[in-house]
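Here the structure is laid out as structure tokens; the discussion comes afterwards.
2 protein chains.
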Amino acid sequence: MKIKMLAALALAAGNFVALAQTNQPADDWQPAPSNMPGQQYPQVNSEGRVRARLQAPQAQEVQLNISGVKFPMTKDTNGVWLGDSTPQDQGNHYYGLVVDGADVPDPNGAFIFGSGGWHTDVEIPAADQDFYALKNVPHGQLRELLYFGKTSNTTRRCYVYTPPDYDKKPGKRFPVLYLLHGYNENETGWGHQGRAGLIMDNLIAEGKAKPFIIVMENSAINLPPGFVPHGPPPAGGPPRGGRRGGFDFSPFEHALLEDVIPYIDANFRTLADQPHRALAGLSMGGMQTRTIAPAHLDTFSHIGIFSGGSIATNEIKDLNKFKQKVKVVFVSYGSRESGAAGKADVAALKAAGINSVFYESPDTAHEWLTWRRSLHEFAPLLFQKK
Amino acid sequence: MKIKMLAALALAAGNFVALAQTNQPADDWQPAPSNMPGQQYPQVNSEGRVRARLQAPQAQEVQLNISGVKFPMTKDTNGVWLGDSTPQDQGNHYYGLVVDGADVPDPNGAFIFGSGGWHTDVEIPAADQDFYALKNVPHGQLRELLYFGKTSNTTRRCYVYTPPDYDKKPGKRFPVLYLLHGYNENETGWGHQGRAGLIMDNLIAEGKAKPFIIVMENSAINLPPGFVPHGPPPAGGPPRGGRRGGFDFSPFEHALLEDVIPYIDANFRTLADQPHRALAGLSMGGMQTRTIAPAHLDTFSHIGIFSGGSIATNEIKDLNKFKQKVKVVFVSYGSRESGAAGKADVAALKAAGINSVFYESPDTAHEWLTWRRSLHEFAPLLFQKK
Numbered sequence: 001m002k003i004k005m006l007a008a009l010a011l012a013a014g015n016f017v018a019l020a021q022t023n024q025p026a027d028d029w030q031p032a033p034s035n036m037p038g039q040q041y042p043q044v045n046s047e048g049r050v051r052a053r054l055q056a057p058q059a060q061e062v063q064l065n066i067s068g069v070k071f072p073m074t075k076d077t078n079g080v081w082l083g084d085s086t087p088q089d090q091g092n093h094y095y096g097l098v099v100d101g102a103d104v105p106d107p108n109g110a111f112i113f114g115s116g117g118w119h120t121d122v123e124i125p126a127a128d129q130d131f132y133a134l135k136n137v138p139h140g141q142l143r144e145l146l147y148f149g150k151t152s153n154t155t156r157r158c159y160v161y162t163p164p165d166y167d168k169k170p171g172k173r174f175p176v177l178y179l180l181h182g183y184n185e186n187e188t189g190w191g192h193q194g195r196a197g198l199i200m201d202n203l204i205a206e207g208k209a210k211p212f213i214i215v216m217e218n219s220a221i222n223l224p225p226g227f228v229p230h231g232p233p234p235a236g237g238p239p240r241g242g243r244r245g246g247f248d249f250s251p252f253e254h255a256l257l258e259d260v261i262p263y264i265d266a267n268f269r270t271l272a273d274q275p276h277r278a279l280a281g282l283s284m285g286g287m288q289t290r291t292i293a294p295a296h297l298d299t300f301s302h303i304g305i306f307s308g309g310s311i312a313t314n315e316i317k318d319l320n321k322f323k324q325k326v327k328v329v330f331v332s333y334g335s336r337e338s339g340a341a342g343k344a345d346v347a348a349l350k351a352a353g354i355n356s357v358f359y360e361s362p363d364t365a366h367e368w369l370t371w372r373r374s375l376h377e378f379a380p381l382l383f384q385k386k
Numbered sequence: 387m388k389i390k391m392l393a394a395l396a397l398a399a400g401n402f403v404a405l406a407q408t409n410q411p412a413d414d415w416q417p418a419p420s421n422m423p424g425q426q427y428p429q430v431n432s433e434g435r436v437r438a439r440l441q442a443p444q445a446q447e448v449q450l451n452i453s454g455v456k457f458p459m460t461k462d463t464n465g466v467w468l469g470d471s472t473p474q475d476q477g478n479h480y481y482g483l484v485v486d487g488a489d490v491p492d493p494n495g496a497f498i499f500g501s502g503g504w505h506t507d508v509e510i511p512a513a514d515q516d517f518y519a520l521k522n523v524p525h526g527q528l529r530e531l532l533y534f535g536k537t538s539n540t541t542r543r544c545y546v547y548t549p550p551d552y553d554k555k556p557g558k559r560f561p562v563l564y565l566l567h568g569y570n571e572n573e574t575g576w577g578h579q580g581r582a583g584l585i586m587d588n589l590i591a592e593g594k595a596k597p598f599i600i601v602m603e604n605s606a607i608n609l610p611p612g613f614v615p616h617g618p619p620p621a622g623g624p625p626r627g628g629r630r631g632g633f634d635f636s637p638f639e640h641a642l643l644e645d646v647i648p649y650i651d652a653n654f655r656t657l658a659d660q661p662h663r664a665l666a667g668l669s670m671g672g673m674q675t676r677t678i679a680p681a682h683l684d685t686f687s688h689i690g691i692f693s694g695g696s697i698a699t700n701e702i703k704d705l706n707k708f709k710q711k712v713k714v715v716f717v718s719y720g721s722r723e724s725g726a727a728g729k730a731d732v733a734a735l736k737a738a739g740i741n742s743v744f745y746e747s748p749d750t751a752h753e754w755l756t757w758r759r760s761l762h763e764f765a766p767l768l769f770q771k772k
């Protein structure tokens, strides 16, 4: 009995030591790959911890803040604060510092737009980062366009990825993927933290995806004041999709169909027909996709929904038309999201004879590595018609 | 006598009041035009003052920091700090906040790359801002390119402005301006805070400039470790320009002539000859221009030097060749810089029969409004050969 208790105590003590050891960060810190060249901080280690640094001699308290979770930092005798986070998911994270109660960006950080504004960003190398690595392969171009949209009555800004061949083959026309960002993001997200261009460059170089154009527009639901849709009423009456989950997507739906697509078809060498046009998006962009695409089956043939719900068979008004028009429905989630309903919906779509794919990103949540991987899985499925 | 003294005192008092009044900011604050839509701070007023805001209840001292000059901010009962700068030059300014001694970006600010890193940026509307305003005119594209440069042995990133006509007229070829950034800046500067695209769109729409391509490369003097120029030794021996003012520009000179220009000529519809190729730059980019262009008169015909020195006639090795090859030398400064030597050099170049222009930007220093205006003055002079 006594021996058993001692053994239990020893075991408990052993566990405690092990726990303490895992709380001791691995000492293999490297500057984050998102840093500017030569910038030593923030750093990341092999466990996915983030280490921040700030020179703040007079501050009383400094914390590292990753998506609202705050980690203490401590001051050395030179007034320099250092602090580590717990292990984070691989991929990129918005973060900042809290200096005596003030939420501020890290002066050492690089900046991306997302989560409602400009934020400092730290990238934790992913085990599979090779698929979006910068390689010595032919690269496409990422083009910033400005153009006046009559329907949205404003100058719109949009980014267009043209594949490496685009300027080399002036006689060739290309299919188009319209790729939407999430809530509180904008048209810069996919081309920058989404790594859309590098993902496509690598897939095309390996012969794994057809070259196509990607259009990354601003699909924010709050269009400028005075927005008046000028398009004709849709054939078949008003319900064009429109609302979902409390959001009203109809202003963007008008802009996409009446401003964006006509502008792209008039200014790029597109294959301007339904078989060569895809719609996909992440989070709110996925909700927009599953709202807009099924309501416009004469416009879109390929549908991608990343962390943004799915399409239930009982939501489809005309199953025969859907089967005939839709070449693929792709639904994805991070494994740390609730993707069960999406998986079940995809199984039901398959059972109904619709080409559908479910993808789960390992060990990720509602974050950009989920969506980089989703694009990487989705792109090879596009425009594969024999 | 008494009356005179009283009058003098009254006058002095009046002056004092007037002075106090000018220290009282004009109460016409507006969100800065550089803010994200809907973002109320930072604000600017008609005097060019900047007002910053920070929620920092526990901070002891917060300051507004514009290029190293610090302005006190004061805390209200809700823990919100507000503070105003003195009047600033029109145009954009890098700025930040100091929270209990820590230099941090303003969480309300928009971000630009310059002054050695990412900084928050505030734009004070300029009286002449119409020339770089976003208008409903045909817009060119700003393209981000990635390509492997053999000479620099690295993947290079470059931005290319293509004029509105570029994709509309697939049979047409265009002249090219290579436009260089300053020290501690990078290839994003001209396309973003330099407003190069909008300046050109507006000039072209008004018929004031010929449409041409602009190439904005990274001309940083610190090339990656292991840099080995692979180009053949230049005809006529080693002195190709190379050094100036303590900087060694020869690695970039090799990259420009052996990587950048050949890539652009191979991948864009350029007029790939000396009469249709210009080189210009700001600050260090101006120093690079006046070093590299005169050493390569068979490559460049138009020279623009913005706040970066000038070309003295006695520096020109072969005046006859220079006169024959160079169509324009443009030199500019802000009125708050020391441009006298540049002005004298331009007068001497003119006297020597070389088409030269000096431009002084009113009420600006070594800053982006000087360089936006310089591009606006320089562009109409380019490629005007009958």
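Heads up: the protein sequence lines correspond to chains A and B, in order.
Quick note: the first sequence uses my numbering, first residue 1, plus one each step.
Quick note: the second sequence uses my numbering, first residue 387, plus one each step.
Virtual Cβ for every residue (Gly too), placed ideally from N, Cα, C.
Computed from a predicted model, the values in this text were never measured in an experiment.
Minimum C-alpha distance to residue i - residue among the options
{"i": "E509/B", "options": "V430/B, F499/B and G503/B", "result": "V430/B"}
{"i": "G197/A", "options": "D298/A, P164/A, R173/A and L64/A", "result": "P164/A"}
{"i": "G690/B", "options": "D489/B, G577/B, R758/B and P524/B", "result": "R758/B"}
{"i": "P125/A", "options": "I264/A, Q30/A and G191/A", "result": "Q30/A"}
{"i": "F686/B", "options": "I647/B, K536/B and N539/B", "result": "I647/B"}
{"i": "A681/B", "options": "S636/B, R655/B, I650/B and A658/B", "result": "S636/B"}
{"i": "I66/A", "options": "A351/A, A340/A, T86/A and S34/A", "result": "T86/A"}
{"i": "V715/B", "options": "Y745/B, C544/B and E723/B", "result": "Y745/B"}
{"i": "V484/B", "options": "M459/B, G465/B and K771/B", "result": "M459/B"}
{"i": "Q40/A", "options": "Q58/A, T77/A and L82/A", "result": "L82/A"}
{"i": "K350/A", "options": "K75/A, H139/A, V331/A and K210/A", "result": "V331/A"}
Assumed close pair residue i, residue j - CB separation to whole angstroms, cut-off 8 Å
{"i": "S219/A", "j": "F247/A", "result": "That belief does not hold up - the Cβ atoms of S219/A and F247/A are roughly 11 Å apart, past 8 Å."}
{"i": "F131/A", "j": "I199/A", "result": "6 Å"}
{"i": "E367/A", "j": "G171/A", "result": "No, E367/A and G171/A are not in contact; Cβ-Cβ is about 41 Å, not under 8 Å."}
{"i": "F560/B", "j": "F598/B", "result": "5 Å"}
{"i": "S693/B", "j": "L668/B", "result": "6 Å"}
{"i": "R542/B", "j": "D645/B", "result": "7 Å"}
{"i": "P428/B", "j": "G495/B", "result": "7 Å"}
{"i": "T162/A", "j": "Q141/A", "result": "5 Å"}
{"i": "Q710/B", "j": "D684/B", "result": "With a Cβ gap of about 11 Å, Q710/B and D684/B do not count as contacting."}
Where residue i sits in the DSSP three-state scheme
{"i": "G575/B", "result": "coil"}
{"i": "K456/B", "result": "strand"}
{"i": "S356/A", "result": "strand"}
{"i": "T155/A", "result": "strand"}
{"i": "Q476/B", "result": "coil"}
{"i": "Q324/A", "result": "helix"}
{"i": "E102/A", "result": "The sequence given here has Ala at residue 102/A, not Glu. A102/A: strand per DSSP, three-state reduction."}
{"i": "P170/A", "result": "coil"}
{"i": "Q416/B", "result": "strand"}
{"i": "L134/A", "result": "coil"}
{"i": "L565/B", "result": "strand"}
{"i": "F301/A", "result": "It should be noted that the sequence gives Ser, not Phe, for residue 301/A. Correct three-state label for S301/A: coil."}
{"i": "P620/B", "result": "Any reading at P620/B must be qualified, since the residue scores a pLDDT of 30, below 50, and its modelled position is unreliable; no value is offered."}
Identified DSSP bridge partners for residue i
{"i": "F306/A", "result": "L282/A and S332/A"}
{"i": "R389/A", "result": "Shown here, chain A extends from 1 to 386; a query on residue 389/A therefore has no answer."}
{"i": "Y147/A", "result": "R156/A"}
{"i": "G114/A", "result": "G117/A"}
{"i": "Q141/A", "result": "T162/A"}
{"i": "M602/B", "result": "Y545/B"}
{"i": "T656/B", "result": "F560/B"}
{"i": "Q63/A", "result": "P72/A and V98/A"}
{"i": "E377/A", "result": "In the DSSP output, where bridge partners are listed per residue, E377/A has none listed."}
{"i": "V122/A", "result": "H93/A"}
Cβ-Cβ distance between residue i and residue j below 8 Å
{"i": "N741/B", "j": "K713/B", "result": "yes"}
{"i": "P105/A", "j": "P423/B", "result": "no"}
{"i": "G191/A", "j": "M216/A", "result": "yes"}
{"i": "P25/A", "j": "D89/A", "result": "no"}
{"i": "G672/B", "j": "N570/B", "result": "no"}
{"i": "T370/A", "j": "G334/A", "result": "yes"}
{"i": "Q563/B", "j": "V546/B", "result": "Here residue 563/B turns out to be Leu, not Gln, going by the sequence shown. Their beta carbons are not under 8 Å apart, which means L563/B does not touch V546/B by this criterion."}
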